[in-house]
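Trainee: If you read the sequence shown in this note's numbering, its first letter stands for residue 251, the second for the next number, and so on.
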Amino acid sequence: MIIPVLVNVGLAMLLVLSSLGDAHADDLKVFSTPTMKSTLAELAPRFEWLTGHRLVATYDNAATLKRRIEADEPFDIAILLPTQVDDLIQTGKIVSSTRVDVAKAAVGMAMRADQPAPDIGTVDAFTRALTSVRSLSWSPESASGAYLVGLLGRLGIMDTVKAHLVPVPGGDVVAAVAGGQADATVITVPNIVDVPGVRLVGLLPRELQHDTVYTAGIATHTADPRGAKALIDFLQSAEATAVLRKKGLDQPTP
Numbered sequence: 251m252i253i254p255v256l257v258n259v260g261l262a263m264l265l266v267l268s269s270l271g272d273a274h275a276d277d278l279k280v281f282s283t284p285t286m287k288s289t290l291a292e293l294a295p296r297f298e299w300l301t302g303h304r305l306v307a308t309y310d311n312a313a314t315l316k317r318r319i320e321a322d323e324p325f326d327i328a329i330l331l332p333t334q335v336d337d338l339i340q341t342g343k344i345v346s347s348t349r350v351d352v353a354k355a356a357v358g359m360a361m362r363a364d365q366p367a368p369d370i371g372t373v374d375a376f377t378r379a380l381t382s383v384r385s386l387s388w389s390p391e392s393a394s395g396a397y398l399v400g401l402l403g404r405l406g407i408m409d410t411v412k413a414h415l416v417p418v419p420g421g422d423v424v425a426a427v428a429g430g431q432a433d434a435t436v437i438t439v440p441n442i443v444d445v446p447g448v449r450l451v452g453l454l455p456r457e458l459q460h461d462t463v464y465t466a467g468i469a470t471h472t473a474d475p476r477g478a479k480a481l482i483d484f485l486q487s488a489e490a491t492a493v494l495r496k497k498g499l500d501q502p503t504p
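1. Can you tell me whether DSSP reads V345 as helix, strand or coil?
2. Would you mind reading off the limits of the alpha helix (DSSP H) that contains T301?
3. For K343, does the count of other Cβ atoms within 10 angstroms reach 16, so buried, or fall short, so exposed?
4. In whole angstroms, what is the alpha-carbon distance linking N311 and N441?
5. Evaluate D272 with the Cβ neighbour count: other Cβ atoms within 10 Å of its Cβ, from every protein chain shown; 16 or more gives buried, anything less gives exposed.
6. Of the choices P504, V280, S282 and E457, whose alpha-carbon is the least far from that of I370?
7. Return helix, strand or coil for F281, following the three-state DSSP convention.
8. Could you have a look at V493 and say whether DSSP puts it in helix, strand or coil?
9. A413: which of R317, R362 and W388 sits nearest, CA to CA?
10. Starting from the Cα of P419, find the closest Cα among L398, L401 and P390 and give me that residue.
11. Closest by CA to S288, which one among G395, R495, Q501 and P455?
12. How should Q340 be labelled, buried or exposed, when 16 other C-beta atoms within 10 angstroms of its C-beta is the threshold for buried?
13. Please check if any C-beta of chain C sits within less than 8 Å of the C-beta of L481.
14. Under a Cβ-count criterion, where at least 16 other Cβ atoms within 10 Å of its own Cβ denotes burial, should D326 be classed as buried or exposed?
15. Relative to the C-alpha of T381, which residue among A393, S392, A396 and L401 is closest?
As structure tokens, this is what we get:
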């Protein structure tokens, strides 16, 4: 009969196309700060469908990833802080012409979802909120941890809050809040959204606000520079911008 033959031919063609896709699909190893995790997770299926490249992402604080790159651990694309990418360009680990800012994030305050959200709309209100929490998680190695320490000093409350700081090895300060190890933390907004058990209290007051920029660069020794470039281009597309904004990020200001 004709119909079974057509069905069999169709199935055979699908299998051939599927095997061709598998044969040509290449893994792209991405080293990224956790701030981009939710965004990359949502964009990955679409990018793979468009290009055939599968993203294999490693998330850690930027300082740790930089050390791993300096120790010659293989990668294709890094998304770190601008100064770290610049350092890796200077040491020959990243190609200078591929450097591009791909996202920026504002800083917010997170608390356990079962805690009442304090007013942080003004500098005075935010200062009172920090001094009233019983514990505040922070990461000694991360950029957000350095920012928090500087902020406490700037507000003149380091001596008051110091005893309530909870250092978090590995840097997942929001997970520490969700798990009950701390009542609150201050970190870039994308690290707060979509985390179960945690609420975004709000953005820090404008006078204290600091946008963190995230910069991408392609490894000097990548086996697939075209695939890596395709990812960086995709991260600057309108489609990616919509996802960035949903996750609390935005495109950097030129």
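All C-beta atoms, glycine included, are put in the ideal place defined by N, C-alpha and C.
Mentor: Working from what's here:
1. coil
2. K287 to T301
3. buried
4. 12 Å
5. The predicted model places D272 with a pLDDT of 42, which falls under 50 and marks its position as unreliable, so this point remains unresolved.
6. E457
7. strand
8. helix
9. W388
10. P390
11. R495
12. exposed
13. Among the chains in the structure shown there is no chain C, since it carries only a single protein chain.
14. buried
15. L401
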